[in-house]
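Below is one structure; the comments refer to it alone.
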Amino acid sequence: MVSSSSRKIRSISYAKYGYLFILPFFIVYAFFQVYPLFNTFYLSTQKSTTDTGSVVLETVGLDNFKAILFGQGKTTDDAGNVIYKETRQATAIKNDFFRVMGNTLILWFGNFIPQIIISLLLAAWFTDAYLKVKGKGFFKIVMYMPNIITAASVAALFVMLFSDSQFGAINSMLLKAGHDTVPFVSGKTQSRVLIMIIQTWMWFGNTTIMLMSGIMGINPSLFEAANIDGATPRQQFFQITIPLLKPIMLYTMVTSMIGGLQMFDIPYLYNVGTTQNKFTETIAVFIYNHFHNIKPNYGYSASASVVLFIITAILGSICFAVNRDKDTTPKAKRGSKALKNKLGGL
Amino acid sequence: MSTQMAGTHSNSQMIKIRTTIVTIIMILLAIISLLPIYILVVNATRTSVDISGHGISLIPGLNLFNNIGTLMDWSATNKIQYDAFIGYRNSGIIAFSTTILTVLFSGMTAYGLVVYDFKLKNIAYTIILAVMMIPVQVTSVGFYQFMSRLGLTDSYIPLIIPAIAAPAVVFFMRQYMKSSFPLEIVEAARIDGCGEYRTFFTIGIPMMKPAFAVQAIFAFVANWNNYYTPSMILISREKSQLTLPMMVNTIISNDKLNDFGANYSAIMLSIIPVVIVYFIFSKFIVEGVALGGVKE
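One line per chain: the protein sequences are H and R, in this order. Position 149 of the first sequence, counting from 1, maps to 689 under the working numbering, and the rest follow consecutively. Position 240 of the second sequence, counting from 1, maps to 229 under the working numbering, and the rest follow consecutively.
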């Protein structure tokens, strides 16, 4: 009885420390993240005009969304009534928006597919107890390395190597071999493929390690049993590893998609000089270029951000649901124990 | 396990062949991973004439110090917005302070969520989980317009202070504490008359050291590499304020610079710190990724 009453007192008297400990996080979060998020929603209903250096906002309701999604602009008809119809400016911005969404999808797809194939194979090999590959730790460290190199520097390096000019490293070699120069940085297909290659190069190590921790969560006795039954490595891969990896593969895909929607550094910097390549301009670049301007257009930026937010929220809840599912299985408990053991040794 | 396999001769033969093939593929992929960086380093040591005349080479030249000298001349005459030392200083200031803030306050938040019982605890945790996924681009319009209204563009405040609220790091640290932090120790400290903050700093932090270390490395690398936020906030593009990734960008977007060796050496200088950090801590980093330490 004594102990239960003292526990009650304790939980009452210490609760305020709980709030004090989490308070700084929430204050800063509210100020630098939550308010800016609402500000973005607010700005999506505004039209900004620049007047002698200062930006003036004007409320226009959903006009920005009508423009970027449907190409409908506000005009007046012959009788002087306000109507919405396709205007040149609105159509141009709609075409821009759909072009950058298309670019984003193409670039994401083109780096995700090779990445997941390479990573799945590597992850299966790294975790295969029967393969006696030496120096697995070394390989993992080397393959993860591109991921930590500054993306801005990676873009700069590839711009230098693949420069369109006859002096670019690759093009000068092509010329010598009797070929014409190839527009690796400004050409439609060339620039896209190069960005896909750069992204794959930067991310396959990361995906491999994520998938590996998924494979290691699979009960090893399944593989042993399959081995005893004479299953070939190929059969084991397609009939044990892949089906049991489905949740973590879905998780990897969704997080990679959310990451893909944010793709900015490489598409923004892999360009000739300061001219943005139209074929590799992503949604993040579109948003940035519209607000980061001497004459910012907050409305278009913000309404595109809101669309991006809705897409991310849908993808995020898929991810959340997958994770939830995992949390309720006993596997997750094992996982957290493994976390403790592993980090305990550091 | 392997004794069963070694039983038949053909099986062990098969394993040998597979091991060889897999090893070769892994060596190839390792070479692909390293090759661009190797070419970068080699080109940084070659003369511009050599590079434009012969393209890619795998043999280093002898011109590294001349190239860096050219860079320093350009910088001294303000021909370029690149100065490696100013860049190291600025990126260093931002990366160090954000890392300390992220780790300390995330640790504090996680500690608060694990050690104490309070009404809003679950709601607070759910909010943190929900906001973890919001991409920075979604809020950046609102963030930028807000900061320019406050007159905080060209200031490091919007680059450093937001590091206090890092949802993904809180998530990771809470997971870690849940699995390895004995709450009895807090009660024992209370009985001994230790205050709550002192308990956190003298018992909590030392016990969370491994999680702190992993997250500190990730935070440092991520902030050092960050191009997006500094380029959004530092609108005047003053050389004295620029971070290294921004400086690198000024080099390639300037088409009047035709000393390729110097350009490559500028890029090389910008990645040296992260490469050093990586090779010192690579074991932690790879294990950290495996534990879901980074969310991209």
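Ideal Cβ positions, reconstructed from N, Cα and C, are used throughout, including at glycine. Remember, predicted model here, so these are calculated numbers, not experimental data.
- Boundaries of the alpha helix (DSSP H) harbouring Leu809 of chain H: Asp805 to Leu809, taken from the DSSP string.
- Pairing Gln802 of chain H with Ser1 of chain R, the inter-Cα distance amounts to about 47 Å.
- Scanning R:Ile269, R:Ala155, R:Gly193 and R:Pro156 for the CA closest to the CA of Phe170 of chain R turns up R:Gly193.
- Among the CB atoms of chain H, none fall inside 8 Å of the CB of Tyr77 of chain R.
- With respect to Leu848 of chain H, Val127 of chain R sits close: the two C-beta atoms are nearer than 8 Å.
- Counting along the chain, Lys272 of chain R sits inside the alpha helix (DSSP H) bounded by residues Phe249 to Ala279.
- For His719 of chain H, none of the residues of chain R pass the 7 Å Cβ criterion, the least Cβ distance being about 12 Å.
- Interface annotation, Asp72 of chain R: not in contact with chain H, CB-CB separation never under 8 Å.
- With fewer than 16 other Cβ atoms inside 10 Å of its own Cβ, Met713 of chain H counts as exposed.
- The alpha-carbon of Pro262 of chain R is positioned some 44 Å away from that of Ser761 of chain H.
- By the C-beta criterion, the segment 171 to 189 of chain R is judged not to be in contact with the segment 596 to 609 of chain H, since fewer than 3 inter-stretch pairs fall below 8 Å.
- In the three-state scheme derived from DSSP, where H, G and I count as helix and E and B as strand, Val203 of chain R is classed as helix.
- If you compare the alpha carbons of H:Asp617, H:Thr631, H:Met793 and H:Asp636 with that of Thr820 of chain H, the shortest gap goes to H:Asp636.
- Comparing alpha carbon positions, the residue from H:Leu661, H:Tyr569, H:Asn604 and H:Val699 closest to Ser845 of chain H is H:Asn604.
- Listed in chain order, the positions of the segment 678 to 692 of chain H with a beta carbon within less than 7 Å of a beta carbon of chain R are Phe679, Lys680, Ile681, Val682, Met683, Tyr684, Met685, Pro686, Ile688, Ile689, Thr690, Ala691 and Ala692.
- Excluding sequence positions up to five before and after Thr815 of chain H, its CB lies less than 6 Å from no other CB in the same chain.
- Counting only unbroken stretches of 3 or more residues, the beta strand (DSSP E) elements lying wholly within the segment 561 to 636 of chain H are 586 to 591, 594 to 599, 612 to 616 and 622 to 626, in sequence order.
- At a cut-off of 8 Å between beta-carbon atoms, Leu801 of chain H makes contact with chain R.
- Annotation: Cβ neighbours of Ser841 of chain H in chain R (cutoff 7 Å, chain order): Val130.
- Under the three-state reduction of DSSP output, His832 of chain H falls in the coil class, being neither helix nor strand.
- Asn643 of chain H is outside the set of residues whose beta carbon lies under 8 Å from a beta carbon in chain R.
- Rounded to the nearest angstrom, the gap between the Cα atoms of Asp769 of chain H and Phe763 of chain H is 10 Å.
- Against chain R, the beta carbon of Leu785 of chain H has no neighbour under 8 Å; the closest one sits roughly 15 Å away.
- If you ignore the 5 residues before and after Leu671 of chain H, its C-beta comes within less than 7 Å of the C-beta of Trp665, all in its own chain and listed in chain order.
- Exclusion of the five residues before and after Tyr216 of chain R leaves Pro234 as the residues of its chain whose Cβ lies within less than 6 Å of its Cβ.
- Taking a beta-carbon distance threshold of 8 Å, Leu29 of chain R counts as an interface residue toward chain H.
- Within the segment 558 to 573 of chain H, contact with chain R at the beta-carbon level (separation under 9 Å) is assigned to Gly558, Tyr559, Leu560, Phe561, Ile562, Leu563, Pro564, Phe565, Phe566, Ile567, Val568, Tyr569, Ala570, Phe571, Phe572 and Gln573.
- Burial check for Phe268 of chain R: the Cβ neighbour count within 10 Å stays below 16, so the residue is exposed.
- Pro723 of chain H has its alpha-carbon roughly 44 Å from the corresponding atom of Leu139 of chain R.
- The beta carbon of Ser259 of chain R sits closer than 8 Å to those of Ala73, Gly76, Leu233, Pro234, Met236 and Val237, all from its chain and outside the five residues before and after it, given in chain order.
- Identification of chain R residues near Met736 of chain H by a Cβ-Cβ cut-off of 8 Å yields none; the smallest Cβ-Cβ distance measures about 14 Å.
- Taken through DSSP and simplified to helix, strand or coil, Asn55 of chain R comes out as helix.
- Here His830 of chain H is buried, its C-beta having at least 16 other C-beta atoms within 10 Å.
- With respect to the C-alpha of Asn579 of chain H, the residue from R:Gly250, R:Gln204, R:Gln134 and R:Ile240 having the closest C-alpha is R:Gln134.
- Between Thr142 of chain R and Ile224 of chain R, the C-beta gap is smaller than 8 Å, which places the two residues in contact.
- Relative to the Cα of Thr239 of chain R, the nearest Cα in the group H:Ala632, H:Pro686, H:Val699 and H:Lys680 belongs to H:Val699.
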